[in-house]
Ligand code: SAM
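See the structure below:
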């Protein structure tokens, strides 16, 4: 079992397999970064897999592949197969913008992937275009349908932004209901890489919007999930991820690995230790020691706060690097 310095069990590894993305979402990567991590600094899937084995042997039971856009990385399905074959019963999931799913959903399913979280911030073509910096809506909706068709379990993530898509909260909820997909609303997390003109919606404002049409009852959190679940009058469930409260930090069970081998204990902070030199040499002991140190140093909680925006601290971490 992996236990961090605050006594929390860590059993969830998120792996960002690339920081590159085919979208330029305003809240994440509005412009191409000044420089990408050079390709030669990326860990190969073999090297990433060596660490995955260390993590699973230590007690990790849930793995999520993310990015950047993970579907841009070639041979991702082979990496998923490798992880899936390593141990039975792993909870193997992926987060994607959905754009490439029409081509690859079947391959992902065949590789052993169980669940997909797909980002869907708008059902209006022009607004989706405005948020993602590209005309994406039709292809993303096709991707969602394809994922459902091949039998993957799907959730939708929406980041509501004031004056941009805040009038679509009920529509996205309705879309999820029609498709039998659970929707999760994520509070915008301020970070220095996002477009600085954005204003996110607070969790309670999101709930107020939902209450304009529905009666809702609180269900609570599912285990260590950051999502607080609610149910509508007809039994439809949805989730709210509100990191500005940090009440889920006390149950945080996750660590993050970037494509170049940085092991990150908290989404908010810049601190990370690299496993790259160890996995490149096949040094399992060295990689395990880095993991132990990162667990020991894992912060108690993030520093997004409920203060007014001008008083809030802004994370310097790029979501496209950590995978969100
Ligand atoms: N490209 C994939 C996608 O679009 O889902 C995976 C990577 S993306 C960084 C993972 C998740 O992080 C997405 O659900 C996205 O909405 C979320 N995200 C990115 N930046 C965010 C921010 N500033 N605040 C809240 N959520 C954010």
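Numbering (the numbering used here), first residue to last: 984 to 1307.
Just so it is clear, CB atoms sit at the ideal spot from N, CA and C, and this is done for glycine as well.
Counting C-beta atoms within 10 angstroms of its own C-beta, residue 1009 has 16 or more neighbours from the protein chains shown and is therefore classed as buried. Taking the Cα positions, residue 1112 is about 9 Å away from residue 1105.
For residue 1303, the enclosing alpha helix (DSSP H) starts and ends at 1302-1305. DSSP, reduced to helix, strand and coil, places residue 1044 outside both helices and strands of the structure shown, so it counts as coil. Nearest to residue 1175 by C-alpha distance, out of 993, 1299, 1015, is 1299. If you check the C-beta of residue 1057 against the ligand SAM, you find no heavy atom less than 7 Å away. Residue 1023 has its alpha-carbon roughly 45 Å from the corresponding atom of residue 1161. Approximately 5 Å separates the beta-carbon atoms of residue 1080 and residue 1102; this is inside 8 Å, confirming the contact. Inter-segment contact for the segment 1225-1241 and the segment 1269-1285 is present: three or more beta-carbon pairs are separated by less than 8 Å. A distance criterion of 7 Å places the beta-carbon of residue 1079 in contact range of the ligand SAM, judged by its closest non-hydrogen atom. A residue is called buried once 16 or more other Cβ atoms fall within 10 Å of its Cβ, and residue 1061, having fewer, is exposed. Remark: C-beta atoms of residue 1063 and residue 1096 approach each other more closely than 8 Å. By the criterion of a C-beta distance shorter than 6 Å, residue 1041 is surrounded in its chain by 985, once the five residues flanking it on both sides are discounted.
When DSSP assignments are scanned along the segment 1085-1157, the uninterrupted stretches of alpha helix (DSSP H) that are 4 or more residues long and fall wholly within it turn out to be 1108-1115, 1120-1132. Assignment of residue 987 by DSSP, reduced to helix, strand and coil, places it in the coil class.
Straight-line measurement puts the Cα of residue 1212 at about 21 Å from the Cα of residue 1287. Here DSSP, grouped into helix, strand and coil, assigns residue 1076 to strand.
About 5 Å separates the beta carbons of residue 1082 and residue 1122, which is inside the 8 Å limit, making them a contact pair.
At a threshold of 7 Å, residue 1052 counts as near the ligand SAM, since its beta carbon sits closer than that to one of the ligand's heavy atoms. In the three-state DSSP reduction, residue 1028 falls in the helix class (H, G or I). The three-state reading of DSSP puts residue 1261 in helix, counting H, G and I together.
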